[in-house]
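Note that the sequence shown covers residues -4 to 385 in my numbering.
We put the CB at the ideal spot given by N, CA and C, even for glycine.
All values reported here derive from a predicted model rather than from experimental measurement.
Shown next, in structure tokens, is the structure this report addresses.
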Amino acid sequence: MIKKRLFEGFCGVSSSGWRLFSQIDAVPLKTNRLKSKVIFGSSGSIKTLEKPKVIERKKSEKIAYFFLILSIILIYGLTNFQYTGPAYLSDEIGYLSKAAAFAGYPVDMSSSWHGGYSLMLAPLFVFFSDPSVIWRGVVFLNVFMWAISFFLLFKLLVDLFPEKNFWVVLSSVGVSAIYPAWITMSGYAFSTPAFVLVYMVALNLLLHSKISDISWILYSFSVGFLYWIHPIGLAVIFVSLFISIILFWRFGNFFRLIFHVLIVLLLVVIYQFFLHPYLNYIMTPENFTSGSHYPPVLKIIDSFRNIEFLSRFFLISIGQFSYLLISTFGLVVYGLIEMYYNAKYNMRSINNQPTNIFTLMTISLMAFSIFAIIFMGSASFSLSNQNRID
-4 MIKKRLFEGF CGVSSSGWRL FSQIDAVPLK TNRLKSKVIF GSSGSIKTLE
46 KPKVIERKKS EKIAYFFLIL SIILIYGLTN FQYTGPAYLS DEIGYLSKAA
96 AFAGYPVDMS SSWHGGYSLM LAPLFVFFSD PSVIWRGVVF LNVFMWAISF
146 FLLFKLLVDL FPEKNFWVVL SSVGVSAIYP AWITMSGYAF STPAFVLVYM
196 VALNLLLHSK ISDISWILYS FSVGFLYWIH PIGLAVIFVS LFISIILFWR
246 FGNFFRLIFH VLIVLLLVVI YQFFLHPYLN YIMTPENFTS GSHYPPVLKI
296 IDSFRNIEFL SRFFLISIGQ FSYLLISTFG LVVYGLIEMY YNAKYNMRSI
346 NNQPTNIFTL MTISLMAFSI FAIIFMGSAS FSLSNQNRID
């Protein structure tokens, strides 16, 4: 049954309780951090690094933070649990059918929608057979992923802007969470909550990879997995590869660069040339062929030689960025300005505190990913000549 919506947006989810929120105790506060002493080996790897001094937060702050996350869960959940099924949009059915295929069900409906989000939904089809129960599980998973994403956003902002007051950071997370699109999209089987969650995981891992090679490896897997969720992950991958080259130039850690490139490219190759074709094979009826609504990347690149394409691309890019300004009431500009000044400070202090470059690179990944995604999306829409309002 097709659902009626007032808004369009994206989804999210969480309800893991006090265990999740207790991690707030381990977040260092403001200027109470110890100066890090770093010793780099010949390969550029970090040998020793003092950990920041950990100060326990006030009880009122922990309660406020817990209340915010709980409010997100309740608002996102109660808004969307009233709906009993998908809106039968092509992408929703594509993601759900792929999830069923992952779970072993015979499905004769291949699609070009990527399968990373479907892989996350697959356990619902394994453990439940009632469609209504499966749908409730989809909504719950979406809400859970959004709640985790906002938890990671809070943690990231505290680490990036330690001088900011707790209540300022908490308010920023709250403002981000009340964006109507996020709330209403929790009731759709769209891949956005999964993409945002993995993206937030990647940002936190990049920032903490200054003291951990394991974090760097996990960061590489996270960035590569973004492509499994949606083709727009290529935009983040491009920025990430550029960042890994800068870090190699700064520290000379050849192994980190190689590991990152190999892991990211391996994940892209596995999905594009093995998993996706296999899913299309098992989900396509005999004597039928599967198609793709995504234009080939090489065709997009080649189109930049066409004047008509360039004019469409320019107009759509302006429109996309204008939408970003309007939908955030201009707050995105304030965020970019804050990131600029933070990056400027870290550039000046890199010689005294070498690991500040990881803060700089995390901010760069956040900022340039926005423009890379707008660039890639606008190019795709320009090639297909689609006039879309989303």
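Item, Value
"Is the number of C-beta pairs between the stretch 177 to 197 and the stretch 209 to 225 that are closer than 8 Å three or more?", "yes"
"Rank 178, 96, 56, 112 by C-alpha distance to the C-alpha of residue 76 and give the top, closest one.", "178"
"Ends of the alpha helix (DSSP H) at residue 130?", "126 to 155"
"Comparing alpha-carbon positions, which option in 261, 203, 325, 322 lies nearest residue 352?", "203"
"With distances taken Cα to Cα, identify the nearest neighbour of residue 187 among 173, 274, 129, 221.", "221"
"Cα-Cα, which of 74, 71, 378 is closest to residue 310?", "378"
"With distances taken from CA atoms, which of 106, 122, 356 is nearest residue 244?", "356"
"Return the Cβ separation of residue 274 and residue 105 in integer angstroms, given the expectation that the two are a contact with Cβ distance under 8 Å.", "7 Å"
"Below 8 Å CB to CB, which residues in the same chain sit around residue 16 once its five sequence neighbours on both sides are set aside?", "Any reading at residue 16 must be qualified, since the residue scores a pLDDT of 31, below 50, and its modelled position is unreliable; the value itself is stated next. Cβ within range, chain order: 57, 60, 61, 64, 146."
"Identify every run of the beta strand (DSSP E) within the stretch 212 to 266, keeping only runs that are complete inside it and at least 3 residues long; order them along the chain.", "none"
"Name the two residues that bound the continuous alpha helix (DSSP H) containing residue 303.", "302 to 322"
"Using a Cβ distance threshold of 8 Å, determine whether the stretch 218 to 232 contacts the stretch 369 to 378, with at least three qualifying pairs required.", "yes"
"Kindly indicate which three-state DSSP category residue 203 falls into: helix, strand or coil?", "helix"
"Near residue 107, what residues of its chain come up, given a Cβ to Cβ distance below 6 Å and the 5 sequence neighbours on each side ignored?", "287, 288, 289"
"What's the call for residue 137, buried or exposed, on a 16-neighbour Cβ count within 10 Å?", "buried"
"Which word fits residue 99, buried or exposed, when buried means at least 16 other C-beta atoms lie within 10 angstroms of its C-beta?", "exposed"
"Suppose you measure from the CA of residue 419 to the CA of residue 181; what does that come to, to the nearest Å?", "With the chain covering only -4 through 385, there is no way to say anything about residue 419."
"By the three-class DSSP mapping on this structure, what secondary structure does residue 96 have?", "helix"
"Looking at residue 97 and residue 117, is the spacing between their C-beta atoms short of 7 Å?", "yes"
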